[in-house]
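Single-structure report; data block below.
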Amino acid sequence: MSRFNLAALARRQRNIRRNAIVLRDIIPPATLATNLFRACYLPVITAWSNALPRIDAAYERSLSELTQDSPADVRGEISSAAEAINRLILLLTPDLRDWVLRAEQWYRGKWRGAVLAATGVDLSTMLGAEDVRASLETTLEWNTALIRDVSDQARQRISSAVFDGLRNRTPAREVAKTIREGVDMGRARATRIASDQLSKLTSSLAEERRREAGIDTWKWRSSHKLHYRPEHAARDGKEYTDETAPKDLPGRLPFCGCRSQAVVRFD
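Take the sequence shown: its letters are residues -12 to 254, numbered as in the working numbering.
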């Protein structure tokens, strides 16, 4: 729902003779995704990495003793690490909220600058984080769930490697290598998630800022990623309205880095 009519404000500010003005494309910097990864995902990965020596040692003891209680010992080490990491995730909530607010502030500044450069209208006093609170809260909740999922997958990989190793009498060195590879897979996945979550948040903010300004028209901007969706690349530069847009909007599908570029119409 629009809160103001940017086209009308622009007409009062300038003698505009064009039928439309395309606001500049806003591309989120990779540093924002890196900040999300380092502040909120990396601590969980690091915590699992730090727990591996204890798990390795428990596995080695279990393998050498092969008593009835030995598997319980290594299971206890894994459970203890998981419990500590679950407590850590709760402590990461303020850092996650801080990142969400800083990302919104960055986008708000870029949106204000794009509008000012194109129309001469300064929206400084008309924009605030409260306007897009729903998107911010959704991002906060979803990332909390994703951080837990990254941790849960790391635990699952470690547990599978350990208990498969005990059943098969796999040497401790081989199991240690496998569980480290499992944690490294979690690190790689978390890096991709952080990048995707930045795209999703900024895409959502783009929609909300555009709609509150009474702008219904936008252009599709392809991410031009290495592994792009052909149907998305084919839409690059095409103009849509909210009514004519495809269902898979820019940035909505997993790991889609496409964007929407607002078009202010005066006809």
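For glycine and all other residues, C-beta sits at the position ideal for the given N, C-alpha and C.
A quick note: this is a predicted structure, and the numbers were derived from the prediction, not measured.
- Taking C-beta separations shorter than 7 Å and ignoring five residues to either side along the sequence, the partners of Asp60 in its chain run Ala45, Arg48, Ser49, following chain order.
- If you draw a straight line from the Cα of Arg5 to the Cα of Ala105, it comes to about 12 Å.
- The C-alpha of Pro30 is placed about 12 Å away from the C-alpha of Leu77.
- For Tyr227, the enclosing beta strand (DSSP E) begins and ends at 226 to 228.
- In the DSSP assignment, Ile42 falls within the unbroken alpha helix (DSSP H) covering 29 to 52.
- In this structure, DSSP gives Arg1 a state outside helix and strand, which the three-state scheme calls coil.
- Within the same chain, and ignoring the five residues on either side of Ser138 in sequence, the residues whose Cβ sits closer than 6 Å to its Cβ are Val31, Ile72.
- Nearest neighbour of Asp151 by Cα position, chosen from Pro58, Ile134, Thr228, Leu240, turns out to be Pro58.
- Contact check for Ala175 against Tyr28 fails: the beta carbons are separated by 7 Å or more.
- In this chain, Thr178 is not harboured by any beta strand (DSSP E); it is covered by the alpha helix (DSSP H) spanning 159 to 199.
- A distance below 7 Å separates the beta carbons of Glu195 and Val119.
- Only residues of its own chain outside the window of five on either side were considered, and among them Thr204, Lys206, Val250 have a CB closer than 7 Å to the CB of Glu226, listed in chain order.
- In its chain, beyond the 5 residues on either side, Ala148 have a beta carbon closer than 7 Å to the beta carbon of Thr165.
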